Amino acid sequence: MPIRQIFLHPTVDRSLKYSSTTVGRDKVYRAVQYFARFLAWYLKRQGYDKETIQRFANLKSTLGLSRKLMRLGKPMEHLQHATKALNVSDSFAKYITIGRQLGYAVYLFWDTFSWVHSAGVYKFQQIKRINDNAYKAWLTGLIFSIIHGLYKLHQTSSQRSFLISKAETSEHLEDNVTRNRERKAAIRQLIQDLLDLTIPATALGYLRLEDGLVGLTGFISSIMGAQSQWKKVNGPK
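Start counting the sequence shown at 1401; every next residue gets the next number (the numbering used here).
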């Protein structure tokens, strides 16, 4: 295949479009970061030399630090989403959405101080407390997100059952297809949240999971997130 055709191939075009988004790059970096975490754990268990293990540990740390830098300013984005949620008519959905967005905003606020410390800009004596506060806020945001996901599933299931019983017109059938799509998206997000939950829960000592397992759960949720972002940028195909 000529070089020109390779560079102009639709897959290359879609990949560039995906990587031009901050979220897209973050999902890729996150996947590599957590896979490096898994590999460092696995190689250590297999008795590999310290130098090889350290390479993957360094890769994990470097990508983690880079991602923290990319997230500077993100708390404001989540606060904006929390403010917009005030207009949601469903009271229960409104409050759990606000809880989720505030949890993520507080997490990223503390995460900024963690980056400052890790980058060597300023060394905080209470860095463990800062990291714990960040993990607690992340965990809180994820719990609210899981509750939201379960609530969304309950809603779509009820609406789907009603539409199936009334599926007499093309409009009802169309609505049923839409509800099925929403249900699948809710299940996917719920799985991602449950996988991500293991990361702060383990860091805080609430769960006692092997570092390799945490690396795998983070890698899987990152791939799922990358797929969702790919579809958002390039469409379902």
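Cβ coordinates follow ideal geometry from the N, Cα and C atoms, glycine included.
Since the structure is predicted, the reported quantities are computational estimates derived from the model, not experimental observations.
Looking at the C-beta of residue i, does it have a partner C-beta in chain C at a distance below 8 Å?
{"i": "Thr1598", "result": "The structure shown contains no chain C; it is built from a single protein chain."}
Measure from the alpha carbon of residue i to the alpha carbon of each residue in the options, then state which is nearest.
{"i": "Ala1436", "options": "Lys1460, Lys1427, Lys1417", "result": "Lys1460"}
{"i": "Arg1579", "options": "Ser1545, His1554, Ile1591", "result": "His1554"}
{"i": "Asn1391", "options": "Lys1494, Ile1403, Tyr1418", "result": "Outside the shown range of the chain, which is 1401 to 1637, sits residue 1391, and nothing can be said about it."}
{"i": "Gln1501", "options": "Asp1490, Leu1486, Gln1526", "result": "Leu1486"}
{"i": "Arg1471", "options": "Tyr1606, Arg1425, His1409, Lys1631", "result": "Arg1425"}
Can you list, in chain order, the residues of its chain whose CB lies under 7 Å from that of residue i, leaving out five sequence neighbours each side?
{"i": "Phe1619", "result": "Ala1431, Tyr1434, Phe1435, Phe1438"}
{"i": "Asp1593", "result": "Leu1542, Ser1545, Ile1546, Gly1549"}
{"i": "Lys1523", "result": "His1517"}
{"i": "Ala1534", "result": "Tyr1507, Trp1510, Asp1511, Ser1514"}
What residue does the alpha helix (DSSP H) around residue i start on, and which one ends it?
{"i": "Thr1512", "result": "1491 to 1518"}
{"i": "Phe1524", "result": "Here Phe1524 belongs to no alpha helix (DSSP H), and DSSP marks it neither H nor E."}
{"i": "Gln1454", "result": "1450 to 1470"}
{"i": "Glu1477", "result": "1474 to 1484"}
{"i": "Val1633", "result": "1611 to 1634"}
{"i": "Thr1421", "result": "That residue, Thr1421, is in no alpha helix (DSSP H); it is neither H nor E in DSSP."}
For residue i, I'd like the list of residues in its chain whose CB is within less than 6 Å of its CB, leaving aside the five on either flank, ordered along the chain.
{"i": "Tyr1504", "result": "His1478, Gly1541"}
{"i": "Arg1581", "result": "none"}
{"i": "Thr1556", "result": "Arg1579, Glu1582, Arg1583"}
{"i": "Gly1499", "result": "Phe1544"}
{"i": "Ala1457", "result": "Ala1440"}
Near residue i, which residues of its chain fall below 8 Å by C-beta distance, leaving aside the five closest residues on each side in sequence?
{"i": "Leu1463", "result": "Tyr1429, Arg1430, Val1432, Gln1433, Ala1436"}
{"i": "Thr1602", "result": "Arg1608, Leu1609, Val1614"}
{"i": "Asn1531", "result": "Trp1510, Ser1514, Ala1603"}
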